[in-house]
Structures are given as structure tokens and as C-alpha cells.
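Worksheet: one structure, shown below.
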Amino acid sequence: MGITRLPEVGALLARLQAAMRPAVTENTALVGIHTGGVWVAERLHAALGVRFPLGTLDVSFYRDDYGQRGLHREVKRSCIPFEVEGRDIVLVDDVLYTGRTIRAAMNELFDYGRPARIRLAALLDRGGRELPICPQFVGAEVQPADDEVIALIRDEGGGLRLAIERKDN
-18 MGITRLPEVG ALLARLQAAM RPAVTENTAL VGIHTGGVWV AERLHAALGV RFPLGTLDVS
42 FYRDDYGQRG LHREVKRSCI PFEVEGRDIV LVDDVLYTGR TIRAAMNELF DYGRPARIRL
102 AALLDRGGRE LPICPQFVGA EVQPADDEVI ALIRDEGGGL RLAIERKDN
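In this note's numbering, the protein residues as written are -18 to 150.
Below you can see the structure in the form of C-alpha cells.
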């Protein structure tokens, strides 16, 4: 049995913002993971008044399942427009699941330098970790069925919503 209702994105963003506000310092930079993590990070960046420009990562080439999955059809460019060395980085993702995307993001981030600290913010944590990855900031935790995929969707007007889709087995 899966979940029947997902939380509203606005409420999740408000929870994330409230949890992160005391942790954001002059040395903090946000890095969103394409694609949904960037959308979440854009909103958090503006709301929290982070002084460094927003960074973005596309981890397609860093995934450990690249050989099995192949290249995503919409690869985006990674952009880190600030000095990573010694910086306090908050990685932002939309839905945290196995932890493999976060591992790939950390591997890519270290190609830019050695941050002082990396923390993780996730709009939604669905459990099911395969790696020892834990978010420091999370909007909500849910437990969908194994065959359900949670996706963050952005409409033409820029609004965000969460949706559940069934996996093709």
C-alpha cells in the first residue's frame, strides 16, 4: 500500500527554510542538484538571502550506475560560480531515496575543491537508503510503496508540485 497524499510543496519549503535559517552563515553556499533540486534551491536561495550565487550540479557522469542507465536525455551543465575551497556547502535535492545521487554530487563537488563542510537539504525523504547518507534538513519524510516513484514537477508558470508515478517493472 502506498501513500495517498503528498504534502504541499509550499509547506515543505517553509519547513526547510525555517530549519536552515539558523545554519546559514556568511560562508554558506547552496548547490542544487538538477533538476528538481535546483528548483528547490532557487527558492531557498532567495528566501534565505545567501550571498554567494547559486551553484548547480548535473551528476549524470558521476553516477555509479551510469553504465547500466546510460546518459539521461537532458544533461544539464554544472555551474559552481564561487570558490568551493573552505566553503560551507548545502547540497539541495528534491527527493532523497537511495543516496546514490548525493554520493555522485559529493564526488563532483570535490572536483571543484575541498569544502569545509557539506550538509544536505531534501524537500522529501522517502527512506530506502543504500548508502549511509542522511539529510541535515528535510521538509518531510514519507514511506511510499516500493513501486512508487515520487517526482517534483514544475508547471509552465514555475509552480512546483509533487506527484506519484508507478514504476514500470
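Every residue gets a Cβ at the ideal spot worked out from N, C-alpha and C, and that includes glycine.
> Any idea if Pro96 is buried or exposed, counting beta-carbon neighbours within 10 angstroms, 16 or more meaning buried?
Replying inline: buried
> In three-state terms, what does DSSP make of Arg24?
Replying inline: helix
> For Ala28, which residues of its own chain have a beta-carbon under 6 Å away from its beta-carbon, when the five flanking residues on both sides are left out?
Replying inline: If we look at Ala28 and ignore the five residues flanking it on each side, its Cβ neighbours are Gln(-2).
> By the 10 Å Cβ neighbour count, where 16 or more other Cβ atoms means buried, how is Val(-10) classified, buried or exposed?
Replying inline: buried
> By DSSP, does Glu146 sit in helix, in strand, or in coil?
Replying inline: If DSSP states are grouped into helix, strand and coil, Glu146 belongs with the strands.
>> For a test of the three-state rule: what should DSSP assign to Met(-18), helix, strand or coil?
In response: Note that Met(-18) scores 49 on pLDDT, short of 50, meaning its location in the model is unreliable and no value can be drawn from it.
>> Tell me the DSSP secondary structure of Arg110 in three-state form.
In response: Three-state DSSP puts Arg110 in coil, outside helix and strand.
>> So, at 6 Å on beta carbons, what are the nonlocal neighbours of Glu137 in its own chain, with the 5 sequence-adjacent residues on each side left out?
In response: none
> Are there 16 or more other CB atoms within 10 angstroms of the CB of Glu66, so buried, or fewer, so exposed?
Replying inline: exposed
> How is Leu10 classed by DSSP in three states: helix, strand or coil?
Replying inline: The residue you asked about is not Leu; residue 10 is Ala in the sequence shown. In the structure shown, Ala10 sits in a strand (DSSP, three-state: E or B).
> Quick one: what does DSSP say Glu89 is sitting in, helix, strand or coil?
Replying inline: If DSSP states are grouped into helix, strand and coil, Glu89 belongs with the helices.
> Taking DSSP as the reference, what is the three-state secondary structure of Ile99?
Replying inline: strand
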